[in-house]
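Following: one structure in structure tokens, then a few remarks.
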Amino acid sequence: MRSILVHVYNDPGLEARLQIALDLARSFDAHVTFLQAVTHQVLIPGDYTGTLTAQMMPVVQEQADELRRAVEKRLADEDVRWDWVQEVGMPDSRLMSHAGLNDLVLVGSVAPMGSETQPSRLAGALAIHGRTPVMVTPKDAKGFDATKPAVVAWNGSPQAAHALRASLEMLRKADSVTLVTVTGEEDAKKYDLPPSEGAEYLSRHGISCEIVEVPALGRHPAEILLEAATVRDAGYIVLGAYGHARMFELVFGGVTRRILKDPKIPLILAH
């Protein structure tokens, strides 16, 4: 992993995102690109002529420039290679346009102008429509230790397999890797890849792992996965992200959606 793309937005989780990006860059000797999407499409109720909106554009740009100056000052003494990209446009389209030549995209758990009680639509758009894995960072994180144990959510789906493949470099550095399967989960019955095949794939890449099968017993799979991560003091969870066809861009599958609401540790998503 040599290129990391980070979404810069003035949200409560920005400092956590910056610190995680810096820690990742040091662990993998990577270059970090900080991308700031400046949205000039300000919607003001009753502004039918667009006059007030036009007047707000310089204010929005000045706020963006002020944030850039503050973050660049914060990064000035860091021993990490980085650059800054500021572009006009919506965050999802700007991040998507740069993600293709990056190895990992970092976004916050709350999307711009999103609700803190709902999963990030930005993370969803990037994970489902892109091919670069997405790390969703908790807003209270203090940093990132790449050597901590890793938990991989496994339900045998193509999305789980893709997330596993996309995380190989991360998993190689982990002290331990655990594939967690929730038995009795409805989704797991639809697919043909047992956890043993996931473990065999990892072994071919020199990564040993433990397989843990936990019966659902009426509990939500997300609760079980989070518990497994907590017990192992995991540094992150690898998760296959998937959406329902009716609202593909907005709605994750139940497990992904539940975990994304308020992640306590970083999540690595791939579709």
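When we follow the working numbering, the leftmost residue of the sequence shown carries the number 118, and every step to the right adds one. Note that the Cβ used here is the ideal one computed from N, Cα and C, for glycine as well.
Counted within 10 angstroms of its Cβ, other Cβ atoms place S320 as buried (16 or more) or exposed: exposed
Residues near D309 by beta carbon distance below 7 Å, same chain, minus five either side: G273
The segment 260-275 contacting the segment 337-346, beta-carbon criterion three pairs below 8 Å: yes
In DSSP terms, what D200 is bridged to: T150
Where G352 falls, given that 16 or more other Cβ within 10 Å makes a residue buried: buried
Beta-carbon proximity of T295 to I328, cut-off 9 Å: yes
Test item: CB-CB of L223 and I121 under 9 Å: yes
Bounding residues of the beta strand (DSSP E) (the contiguous stretch that carries I137): Note, I137: premise wrong, no beta strand (DSSP E); alpha helix (DSSP H) at 131-145.
Candidates I382, G301, A316, V355: closest to R336 by CA position: G301
Nearest residue (CA-CA) to C326, options A358, G247, L288: L288
Cα-Cα separation between P380 and S226, rounded to whole angstroms: 7 Å
Alpha carbon of I161 to alpha carbon of G206, nearest angstrom: Reliability of the predicted coordinates at I161 is poor, the pLDDT of 48 falling under 50, and the value obtained from them is presented with this limitation in mind. For I161 and G206, the distance between alpha carbons rounds to 18 Å.
Close-in-space but distant-in-sequence residues of the same chain around A362 (CB under 7 Å, 5 per side omitted): Note that A362 scores a pLDDT of 40, beneath 50, so its modelled location is shaky; the value from the coordinates is reported in the next line. No residues qualify anywhere along the chain.
H279 versus P175: straight-line alpha-carbon distance, rounded: 43 Å
Candidates V299, P338, V331, R282: closest to E317 by CA position: R282
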